[in-house]
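Colleague: The structure is given below, and queries will be raised subsequently.
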Amino acid sequence: MFGIVPFAMRRDLATEGDGFDRLFNWMNQPISSFFNDTGFSSNSFNVDVKDNGDSYELKAELPGYTKDDVHLSYKDNYLSISAKKEESKEEKDDQGNYIRRERYCGSMSRSFYIDNIDEQKCNAEFKDGILTLTMPKLSAPQEEIVHEIPIH
């Protein structure tokens, strides 16, 4: 498999004196640590932007987030998408002592330069962890008239 272990990021695989089996230890790690160790960041999300001619369509994958966790803004031709999630899980025994207590707080954000859109007519929908944003383009911009200034 090409690119499964990017050696520039996993320098610890072939250290001297560790033996041949160390090279394959990464296979026994949980899938989440594999993606974090190979450069796939959990602080980002996948986005596809499509030009439909009269509009742009943006789809962002935000699994595990709800509509209330996601925020959109458009300012100075920059579209910003951010998502923030906070969770806590607490389990206690009969005496009220902690058996396990976990907390998670995370956020992600991306910004895109998108000009020539009618921000008043933009439409966003969030369903099954996918944010779909339709951004109609402004009518064709008028050509700027250039005036020659004579030099005397």
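Take the sequence shown: its position 50, counted from the start at 1, is 480 in the numbering used here, and no numbers get skipped. Each residue gets a CB set at the ideal place from its N, CA and C atoms; glycine is no exception. Computed from a predicted structure; not experimentally measured.
In chain order, what residues of the same chain lie with their CB nearer than 8 Å to the CB of Val477, ignoring the 5 residues before and after it?
Modeller: Here residue 477 is taken as the residue at index 47 of the sequence shown, counted from 1. Contacts found: Leu488, Lys489, Ala490, Glu491, Ile511, Arg540, Phe542.
Colleague: Between the Cα of Ser518 and the Cα atoms of Gln525, Asp506, Asn527, Glu532, which residue gives the shortest distance?
Modeller: Along the sequence shown, one-based indexing puts residue 518 at 88. Here the closest residue by C-alpha is Glu532.
Colleague: Below 8 Å on the Cβ atoms is my guess for Met565 versus Ile547; work out the distance and round it to an integer in Å.
Modeller: Reading the sequence shown from its first residue, position 135 is the one you call residue 565. Reading the sequence shown from its first residue, position 117 is the one you call residue 547. Yes, Met565 and Ile547 are in contact; Cβ-Cβ is about 4 Å, under 8 Å.
Colleague: Is the Cβ-Cβ distance between Asn507 and Asp545 less than 7 Å?
Modeller: Stepping through the sequence shown from its first residue, residue 507 is reached at position 77. Stepping through the sequence shown from its first residue, residue 545 is reached at position 115. Yes, the pair counts as a contact, with Cβ atoms nearer than the cut-off.
Colleague: From the DSSP secondary-structure annotation, give me the bridge partner or partners of Val500.
Modeller: Counting from 1 along the sequence shown, the entry for residue 500 is found at position 70. The partner list for Val500 (beta bridge, DSSP) reads Ala513.
Colleague: Quick check: what's the CA-CA separation for Lys505 versus Asp524?
Modeller: Mapped onto the sequence shown, residue 505 falls at position 75. Mapped onto the sequence shown, residue 524 falls at position 94. Distance between the alpha carbons of Lys505 and Asp524: 53 Å.
Colleague: With 16 as the cutoff for other CB atoms within 10 Å, does Gln459 come out buried or exposed?
Modeller: By 1-based counting over the sequence shown, the position of residue 459 is 29. Per-residue confidence for Gln459 stands at a pLDDT of 48, beneath the threshold of 50, marking its modelled position as unreliable; no derived number is given.
Colleague: So what's Glu487 in DSSP terms, helix, strand or just coil?
Modeller: As a working note, residue 487 is residue 57 in the sequence shown. If DSSP states are grouped into helix, strand and coil, Glu487 belongs with the strands.
Colleague: Between the C-alpha atoms of Cys552 and Met538, what's the straight-line distance to the nearest angstrom?
Modeller: In the sequence shown, the residue the question calls residue 552 occupies position 122. In the sequence shown, the residue the question calls residue 538 occupies position 108. Distance between the alpha carbons of Cys552 and Met538 is about 22 Å.
Colleague: Just tell me which of Ile529, Gly536, Gly494, Tyr528 has its CA closest to the CA of Val514.
Modeller: Translated into the one-based positions of the sequence shown, residue 514 becomes position 84. Looking at the sequence shown, residue 514 is not Val but Lys. Nearest C-alpha to Lys514: Gly536.
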